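Novice: Numbering (the numbering used here), first residue to last: 135 to 827. A virtual CB, placed ideally from N, CA and C, is assigned to each residue, including glycine. Only a predicted model underlies this, so the values are computations on that prediction, with no experimental measurement involved. Have a look at this one.
Below, the structure is given as structure tokens:
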């Protein structure tokens, strides 16, 4: 008999108290050992439309909802007595008549009308405007007949509701539909085209749509993992488009792209586990931009693969620099001694003075060193004379490069004499030493946050990858590139053209927040190799409150308002660790902390610079200090070496704000002092139509 756990159970389980969760775990284990339910006081739920729903007594108040057939036992839901029965009475579990996938269907006649969501609430210090007359919006799906709606997975009960829904009504309706139906209809609303239906499977539980919300449990170890990490359900239940990328074999370098919250990291983690299971002797490297992101991926690995299964020990999670530092120590026996930015500024200034170099500012010299000389490993005047200075509009002729080279050569020599190096030199040196080795330390390389790879880092990973299928897989979003200038991947041997796929379904962020954040970026982002990331057609799978922009006269007013907002969130049951407060720089953290309520319940609230926001997720987010002069940051604007770098500063500052905003799942508030950042205005304007790199 098949034993299964539904996504609806993991979500309801996570809402229980710790003591109740322990009791539920024991009952679920008992049920797996004895699917007949002897000892659990099973009772059929008579008022349910589905005769296969039963309740199991966990304790005096908690009831487990189980769906039992001759061939399967499905743990569907858990809650307090009355709420558990009410859930089962308005659900049925059945195979969809067209797609064949098992669905948990909400019974139409028991659903009360839901008010449509409010419109965006933007607060700016400007004169009041006359209200506009708004005509009713047309039905989104009037052109789709029953056959088309059924092919999208819409339950028969809901065909009329869907066909008659306008935009506002649909987002109120979407929470009542199975996920595949909601996503297909959202894609139609965004693009005018329904996705191709997935072929029906012989077993309705093995259909890709069913596998997203119902997990077969093979043994006690798998059950222990499923119950240990219920809050990570979205890392276990995959969308079919994600599953295809996890399972696909690639003959060359491959990439998955997609805007924030579309599950790129989850695809990367699942691929690592799949490759480790498929190749019992292979070692896999799963790398990301920073150590906190690598640590987060390591925790998610435990959701998918028990430590006792021999999978996790063969997957190395590390930051880009972390794995390079480990390999440098293996090669040389010591850790690399990295020159700091202040040291480089001083060395460049001294070398320019000694060379009597005129006409070049200190910030230009540092930028040229960082983005050209060091980034590309330039070690000779001949190489400098011919290197393409991509992304830099201040052209340098042969005479200028000839005058500059002695300065850079002097700095390189002085660092070498004192045994200092740079991260770019570490990566370049390692790439050279391992490129021609027949035996590579890893059989598969999987890289998350790949948009922030520097040239030397990409060279290193390319050299580290073996000459086999599925050797290197990259996950990233050009719209979240905040640390590196663009450059050609193909020019360094990583050509993903023809093997690049874009995810279009956003799971993390509500439709309202995603739409507002997307206005910060162009509709089309194009990389140096000509690959385009089309941001139109991205859909979120749930609706939520509109984001708000609030501006104030002074920091005290801002702090008071944010403190009251956070207090209200805590009062609504949002846990402290589910709230994040972001500011532009570490120096602004005290301003953020001053806005946190001084109560014990608020101790777990995260306050962080925007640059550390990647990989994080919160139910509620406040982005504070969105002031003029802070976004974009004045000191970065003043420090730009040329016009191209200035453009890049404005774009990366915009992307930092995008990253911070898209950490929010349900609630987003942006605050600042009047007149506020120029970027805040973008939230109330039409999406940017131009393309960007």
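1. State the beta-bridge partners of residue 139 as determined by DSSP.
2. Can you find the residues in the same chain that come closer than 8 Å, C-beta to C-beta, to residue 179, ignoring five residues on each side of it along the sequence?
3. Do residue 511 and residue 562 count as a contact pair if the criterion is CB distance below 8 Å?
4. Taking the Cβ atom as the reference point for each residue, do residue 582 and residue 452 lie within a distance shorter than 8 Å?
5. Can you have a look at residue 505 and say buried or exposed, based on whether 16 or more other CB atoms are within 10 angstroms of its CB?
6. Do the CB positions of residue 803 and residue 753 come within less than 8 Å of each other?
7. Return the chain-ordered list of same chain residues with a C-beta closer than 7 Å to the C-beta of residue 455, the five sequence neighbours on each side being excluded.
8. Figure out for me which residue from 748, 790, 755 has the closest Cα to the Cα of residue 766.
9. Using the rule of at least 16 other Cβ atoms within 10 Å of the residue's Cβ for burial, across every protein chain shown, is residue 585 buried or exposed?
10. Quick check: the Cα distance between residue 645 and residue 300, rounded to an integer number of angstroms?
11. Take every Cβ of the segment 138-153, pair it with every Cβ of the segment 208-219, and state whether three or more of those distances are shorter than 8 Å.
12. Residue 744 and residue 675 look like a contact to me (Cβ under 8 Å); what is the Cβ gap, rounded to whole Å?
13. CB-CB under 6 Å to residue 113, same chain, minus the five flanking residues each way: which ones, in chain order?
14. Given this structure, state the Cα-to-Cα distance separating residue 550 from residue 516, to the nearest angstrom.
15. Grab me the residues of residue 414's own chain with a C-beta within less than 8 Å of its C-beta, minus the 5 sequence neighbours each way, in chain order.
16. Could you pull the DSSP bridge partners for residue 188 from this structure?
17. In angstroms with no decimal places, state the Cα-to-Cα distance between residue 500 and residue 612.
18. Which class does residue 665 belong to by DSSP, given the choice of helix, strand or coil?
19. Could you tell me whether the Cβ atoms of residue 616 and residue 648 are closer together than 8 Å?
20. Tell me which residues share the same chain as residue 297 and place their Cβ nearer than 8 Å to its Cβ, disregarding the 5 neighbours each side in the sequence.
21. Please return the same chain residues whose Cβ sits closer than 6 Å to the Cβ of residue 605, not counting the five positions on each side in sequence.
22. May I have a chain-ordered list of the alpha helix (DSSP H) segments no shorter than 4 residues that lie completely inside the segment 705-748?
23. Classify residue 806 as helix, strand or coil using the three-state DSSP reduction.
24. Considering only their Cβ atoms, is the gap separating residue 795 from residue 393 smaller than 8 Å?
25. So, using beta-carbon positions, are residue 579 and residue 345 closer together than 8 Å?
26. Which first and last residues belong to the alpha helix (DSSP H) in which residue 462 is found?
27. Expressed to the nearest angstrom, what Euclidean distance is found between the alpha-carbon atoms of residue 309 and residue 678?
28. Does the distance from the C-beta atom of residue 788 to that of residue 575 stay below 8 Å?
29. Under the three-state reduction of DSSP, which class applies to residue 643: helix, strand or coil?
30. Leaving out five residues before and five after residue 737 in sequence, what residues of the same chain have Cβ atoms less than 8 Å from its Cβ?
31. Just to confirm my understanding: we take residue 319, look at its own chain, exclude 5 residues before and 5 after, and list those with CB closer than 6 Å. What are they?
32. Nearest to residue 336 by alpha carbon, out of 699, 148, 595, 234?
33. Quick check: what's the CA-CA separation for residue 780 versus residue 627?
34. Whole angstroms is fine: what's the gap from residue 167's alpha carbon to residue 135's?
35. Is the beta carbon of residue 756 less than 8 Å from the beta carbon of residue 696?
36. For residue 240, list the residues DSSP reports as bridge partners.
Specialist: The answer reads as follows:
1. On the chain shown, residue 139 is found 5 positions in, with the first residue counted as 1. Per DSSP, the beta-bridge partners of residue 139 are 209, 349.
2. On the chain shown, position 45 is the one that residue 179 refers to. So the qualifying residues of the chain are 187, 188, 189, 199, 219, 222, 223.
3. Numbered from 1 along the chain shown, position 428 holds the residue referred to as residue 562. Numbered from 1 along the chain shown, position 377 holds the residue referred to as residue 511. For residue 562 and residue 511, yes; Cβs fall inside 8 Å.
4. Taking the chain shown and counting its residues from 1, the one referred to as residue 582 is at position 448. Taking the chain shown and counting its residues from 1, the one referred to as residue 452 is at position 318. Their beta carbons are not under 8 Å apart, which means residue 582 does not touch residue 452 by this criterion.
5. Within the chain shown, numbered from 1, the residue matching residue 505 stands at position 371. That one is buried.
6. As a first step, residue 803 must be located in the chain shown, where it is residue number 669. As a first step, residue 753 must be located in the chain shown, where it is residue number 619. Not in contact: residue 803 and residue 753 (Cβ atoms no closer than 8 Å).
7. Counting from one through the chain shown, the residue named residue 455 turns up at place 321. Hits under 7 Å: 557.
8. By one-based count along the chain shown, residue 766 stands at place 632. By alpha-carbon distance to residue 766, the top candidate from 748, 790, 755 is 790.
9. Counted from its first residue, the chain shown places residue 585 at position 451. Flag for residue 585 reads buried.
10. Reading the chain shown from its first residue, position 511 is the one you call residue 645. Reading the chain shown from its first residue, position 166 is the one you call residue 300. Cα to Cα, residue 645 sits roughly 15 Å from residue 300.
11. When Cβ pairs closer than 8 Å are counted between the two stretches, the segment 138-153 is seen to touch the segment 208-219, the count reaching three or more.
12. Translated into positions along the chain shown, residue 744 becomes position 610. Translated into positions along the chain shown, residue 675 becomes position 541. Not really, about 26 Å apart at Cβ, beyond 8 Å.
13. This structure cannot speak to residue 113, because the chain is shown only from 135 to 827.
14. Here residue 550 refers to the residue found at position 416 when the chain shown is read from its first residue. Here residue 516 refers to the residue found at position 382 when the chain shown is read from its first residue. Here the C-alpha atom of residue 550 lies approximately 20 Å from the C-alpha atom of residue 516.
15. Here the question's residue 414 lines up with position 280 in the chain shown. Excluding residues within five positions, the ones whose Cβ falls inside 8 Å are 444.
16. On the chain shown, residue 188 is found 54 positions in, with the first residue counted as 1. DSSP lists 178, 200 as partners of residue 188.
17. The residue you call residue 500 lines up with position 366 of the chain shown. The residue you call residue 612 lines up with position 478 of the chain shown. If I take the Cα positions, the gap works out to 25 Å.
18. As a position in the chain shown, residue 665 is number 531, starting the count at 1. In the structure shown, residue 665 sits in coil (DSSP, three-state: anything other than H, G, I, E or B).
19. If you number the chain shown from 1, residue 616 lands on position 482. If you number the chain shown from 1, residue 648 lands on position 514. No.
20. In the chain shown, residue 297 corresponds to position 163, counting from 1. Around residue 297: 273, 275, 276, 278, 283.
21. Position 471 of the chain shown, counted from the start, is the residue given in the question as residue 605. The answer, listed in chain order, is 599.
22. List check, alpha helix (DSSP H) in window: 723-727.
23. For the purposes of this step, residue 806 is taken as residue 672 along the chain shown, with counting starting at 1. Residue 806 falls in the strand class under three-state DSSP.
24. Within the chain shown, residue 393 is the residue found at index 259, counting from 1. Within the chain shown, residue 795 is the residue found at index 661, counting from 1. In this structure, residue 393 keeps its C-beta atom at 8 Å or more from the C-beta atom of residue 795.
25. Here residue 579 is taken as the residue at index 445 of the chain shown, counted from 1. Here residue 345 is taken as the residue at index 211 of the chain shown, counted from 1. No.
26. Within the chain shown, numbered from 1, the residue matching residue 462 stands at position 328. Where residue 462 is concerned, the enclosing alpha helix (DSSP H) stretches over 454-466.
27. Here residue 309 refers to the residue found at position 175 of the chain shown. Here residue 678 refers to the residue found at position 544 of the chain shown. The C-alpha of residue 309 lies about 11 Å from the C-alpha of residue 678.
28. Here residue 788 refers to the residue found at position 654 of the chain shown. Here residue 575 refers to the residue found at position 441 of the chain shown. Not a contact, by the Cβ cut-off of 8 Å.
29. Your numbering for residue 643 matches position 509 in the chain shown. If DSSP states are grouped into helix, strand and coil, residue 643 belongs with coil.
30. Position 603 of the chain shown, counted from the first residue, corresponds to residue 737. Its chain contains 710 as the residues whose beta carbon lies nearer than 8 Å to that of residue 737, once the 5 sequence neighbours on both sides are disregarded; these appear in chain order.
31. Stepping through the chain shown from its first residue, residue 319 is reached at position 185. Counting only Cβ-Cβ distances below 6 Å, and skipping sequence neighbours, we find nothing.
32. By one-based count along the chain shown, residue 336 stands at place 202. Nearest C-alpha to residue 336: 234.
33. Start at 1 with the first residue of the chain shown, and residue 780 comes out as number 646. Start at 1 with the first residue of the chain shown, and residue 627 comes out as number 493. Roughly 29 Å between the two C-alpha positions.
34. One-based indexing of the chain shown puts residue 167 at position 33. One-based indexing of the chain shown puts residue 135 at position 1. CA-to-CA, the gap between residue 167 and residue 135 works out to about 11 Å.
35. Taking the chain shown and counting its residues from 1, the one referred to as residue 756 is at position 622. Taking the chain shown and counting its residues from 1, the one referred to as residue 696 is at position 562. Taking the C-beta atoms as reference points, residue 696 is found nearer than 8 Å to residue 756.
36. Counted from its first residue, the chain shown places residue 240 at position 106. DSSP output for residue 240 lists 225 as bridge partner(s).
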